[in-house]
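Below: the structure, in structure tokens.
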Amino acid sequence: MKAIASQMWWKYLSIVILLYVFVGGFVVPLRPGIMNTQPERLVAGASHTLVVDMYNTRYDMGDKVNVLVRVDGAGYIKATSVAVRDQNSLEVAMTVPRNLPTSSGAVAGTLIVHDSDNGFAVSPSAVTIVRGDSPAVEAVDWSDSAGLEEGPWKLQFPFIGILYETIRNTFFHVAIWFAMFFLMAVSMAYSIAYLRQSDLHYDAVASSFAYVAIVFGIMGMITGAIWAKNTWGVYWTNDPKLNMAAVALIIYVAYAILRSAVTDPDQRARVTAAYNIFAVVAFVPLVFIIPRLTSSLHPGNGGNPALGGEDLDNTLRLFFYPAIIGLIMAGSWLALLMVRLEAIKMRLLDFKIDYK
Amino acid sequence: MKKITHIFLLCVVIPFSVMAQGDYYENIGKIYVVAAVAAVLVLGIGAFLLYLDKRISKLEKQIEDEYGSK
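These protein sequence lines map, in sequence, to chains A and B. Residues 1 to 356 (the numbering used here) are what the first sequence spells out, left to right. Residues 1 to 70 (the numbering used here) are what the second sequence spells out, left to right.
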């Protein structure tokens, strides 16, 4: 480990990787998506004119646009005409068939907007179709297939309602928590090494990695609060994931306080090494297990999966994994600078200089 | 210690003021939120570097006091 620690290449590499993540995370566009549909309530057997507001589209460039409504168990309603209002807005005329698939009064319809350039934009349950008794203007039936092709692959992040552009926070908020946990694991490994060999160098490594992990954890908390304010509407909620993460971080802050409370280097190293092992052991159930056993608003927990499906698709992975690696390298770099500082301090102690 | 508190306050104030740049309802894409979150990361790592710088300066001063300057 000491051989890698003294080399420079991975430090430069961490800067390059983080630059790639910051630039790519901001400039890669979002896939076009459906923002709003008016009216949301359609009557079976009647003709309607819908206004569909889109995000990140350039319909004024003259692409041919198709609009469909899909109802499960019945089929597709194809728009009779699609007029472009402006670059982000469509006016869609469609006639809804009289026969609904269920005996209940209303069914939910999925709105699909397609153009050959961007492929599909889908908004589930964007419209509700209710039974009506007005006679149909013209007899129409459900179409069996959409008859449209997926557009060419493009480097675009997925469009998810309420998140919009903040899906990019995956590279910052989520990655910094992952990096923090890696740093804590390294810290624990060196605490075990200290307890086995009583070398103060290991204690310096363990404490430095733990300090950087605390800084990363605080950053993860602030970024999470900013993100929550803009998606959930509040900075903090009584969610198990949030509360348990706060408890886990407080355990680590207590580690820092414990270190400053004990003055004798050997005694401090022994006590805090043991504490550090217990801190990681407490961290795993608090952050990874308890929130999964209960229901949580935060993705990645009970009834709310993350890292799968639309939440983390392959274009996000292109930046998410480098973000984790880059932050781990940058965090290790910061920690190793602290280790070198501790080493100088220890040498000064050897020269009988009283370091305050 | 006072300086570190100021740095920490900056870490909170700057991102939140970045976030406030876009009007909440006008900023439908919420790109300012991403800018604020990225700012937290940059400032957090920057604050840590400043903290290290301070500790190194202190050591340097101590060595100078003991051995005199070169």
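We put the beta carbon where it would ideally sit given N, CA and C, even for glycine.
Is the closest heavy atom of the ligand SAH to the C-beta of residue i under 8 Å?
i       : result
A175(A) : What this structure holds is no ligand at all, so the ligand SAH is not there to describe.
Out of the options, point me to the one whose CA is closest to residue i's CA.
i       : options                               : result
D144(A) : S116(A), V122(A) and D72(A)           : D72(A)
L242(A) : I257(A), G220(A) and L42(A)           : G220(A)
V65(A)  : I218(A), Y20(A), S104(A) and E150(A)  : E150(A)
S6(A)   : A261(A), R347(A) and W333(A)          : W333(A)
V82(A)  : T95(A), Y235(A) and G75(A)            : T95(A)
F319(A) : A282(A), L293(A), L155(A) and N276(A) : L155(A)
H298(A) : I344(A), A248(A), V174(A) and V205(A) : V174(A)
V122(A) : V69(A), G24(A) and T102(A)            : V69(A)
G119(A) : G147(A), A248(A) and A185(A)          : G147(A)
P97(A)  : G75(A), D141(A), A74(A) and V113(A)   : D141(A)
N88(A)  : V107(A), V113(A), Q197(A) and V43(A)  : V113(A)
Y59(A)  : M35(A), L90(A) and E40(A)             : L90(A)
G326(A) : A261(A), G132(A) and W9(A)            : W9(A)
K11(A)  : G105(A), I328(A), I344(A) and K345(A) : I328(A)
D115(A) : M54(A), Q197(A), N230(A) and T170(A)  : M54(A)
V23(A)  : I251(A), R168(A), M180(A) and V281(A) : R168(A)
A330(A) : I17(A), F283(A), S296(A) and K2(A)    : I17(A)
A108(A) : F172(A), L42(A), E165(A) and P152(A)  : L42(A)
F181(A) : A213(A), S191(A), F159(A) and A189(A) : A213(A)
A335(A) : I34(A), V205(A), R131(A) and F171(A)  : V205(A)
Y252(A) : V127(A), S47(A), V262(A) and A279(A)  : A279(A)
I56(B)  : K229(A), T315(A), A323(A) and L341(A) : L341(A)
Give me the DSSP bridge partner(s) of residue i.
i      : result
Q38(A) : V51(A)
A35(B) : Looking at the DSSP assignment, A35(B) forms no beta bridge with any residue, so it has no partner.
Y76(A) : R70(A) and S143(A)
G33(A) : Y55(A)
Considering residue i, what are the terminal residues of the alpha helix (DSSP H) in which it resides?
i       : result
H114(A) : Run containing H114(A): none in the alpha helix (DSSP H); it sits in the beta strand (DSSP E), A106 to D115.
L195(A) : H173 to Q197
D63(A)  : Careful: D63(A) lies outside any alpha helix (DSSP H) and carries neither H nor E.
V247(A) : P240 to A261
D350(A) : N314 to D350
D264(A) : It is not in any alpha helix (DSSP H) - D264(A) carries neither H nor E in the DSSP assignment.
V27(A)  : W9 to V27
L155(A) : Per DSSP, L155(A) belongs to no alpha helix (DSSP H) and is neither H nor E.
G217(A) : L200 to T231
K2(A)   : K2 to A5
What do you get for residue i, buried or exposed, if any count of 16 or more other CB atoms within 10 angstroms of its CB means buried?
i       : result
Y25(B)  : Confidence in Y25(B) is poor, its pLDDT being 43 and thus under 50, which makes the residue's placement unreliable; the coordinate value appears in the next sentence. Counting Cβ neighbours within 10 Å, Y25(B) comes out exposed, since fewer than 16 surround it.
L111(A) : buried
T80(A)  : exposed
R31(A)  : buried
K58(B)  : exposed
P240(A) : buried
G62(A)  : exposed
Y255(A) : buried
L19(A)  : exposed
T49(A)  : exposed
T272(A) : buried
G44(B)  : buried
Y32(B)  : buried
L49(B)  : exposed
Y67(B)  : exposed
D65(B)  : exposed
W153(A) : exposed
G224(A) : buried
I222(A) : buried
K61(B)  : exposed
T37(A)  : buried
V281(A) : exposed
K30(B)  : buried
P29(A)  : exposed
D203(A) : buried
Between which two residues does the beta strand (DSSP E) carrying residue i extend?
i       : result
P124(A) : G119 to V130
E91(A)  : S89 to T95
A46(A)  : Looking at the DSSP string, A46(A) is not in any beta strand (DSSP E), and its letter there is neither H nor E.
D86(A)  : S81 to D86
9 Å is my cut-off, CB to CB: does residue i come that close to chain E?
i       : result
T223(A) : Looking for chain E here will not work: the only protein chains present are A and B.
Give me the subset of the region 175 to 190 of chain A whose CB atoms are less than 7 Å from a CB atom of chain B, sorted by chain position. Correct list: I176.
At a CB distance below 9 Å, what residues from the region 239 to 264 of chain A approach chain B? Give them in sequence order. Cβ contacts with chain B: none found.
Against chain B: residues of the region 45 to 70 of chain A by CB proximity under 9 Å: Hits within the stretch, in order: Y55 and N56.
Near-chain B residues of the region 141 to 170 of chain A (beta-carbon distance less than 7 Å), N- to C-terminal order: Taking a C-beta cut-off of 7 Å against chain B, the contacting residues of the region 141 to 170 of chain A are Y164, E165, T166, R168 and N169, listed in chain order.
What residues in the region 34 to 50 of chain B have a beta carbon less than 9 Å from any beta carbon of chain A? For the region 34 to 50 of chain B, the set of positions with a beta-carbon nearer than 9 Å to some beta-carbon of chain A reads V34, A35, A36, V37, A38, V40, L41, V42, L43, G44, I45, A47, F48 and L49 in chain order.
Can you list, in chain order, the residues of the region 320 to 351 of chain A whose Cβ is nearer than 9 Å to any Cβ on chain B? In summary, the residues of the region 320 to 351 of chain A whose CB is separated from some CB of chain B by less than 9 Å are L327, A330, G331, L334, L337, M338, L341, I344, K345, L348 and F351, in the order they occur in the chain.
Against chain B, which members of the region 5 to 34 of chain A pass a CB distance test of less than 8 Å? Those would be F22, G25, F26 and L30, in chain order.
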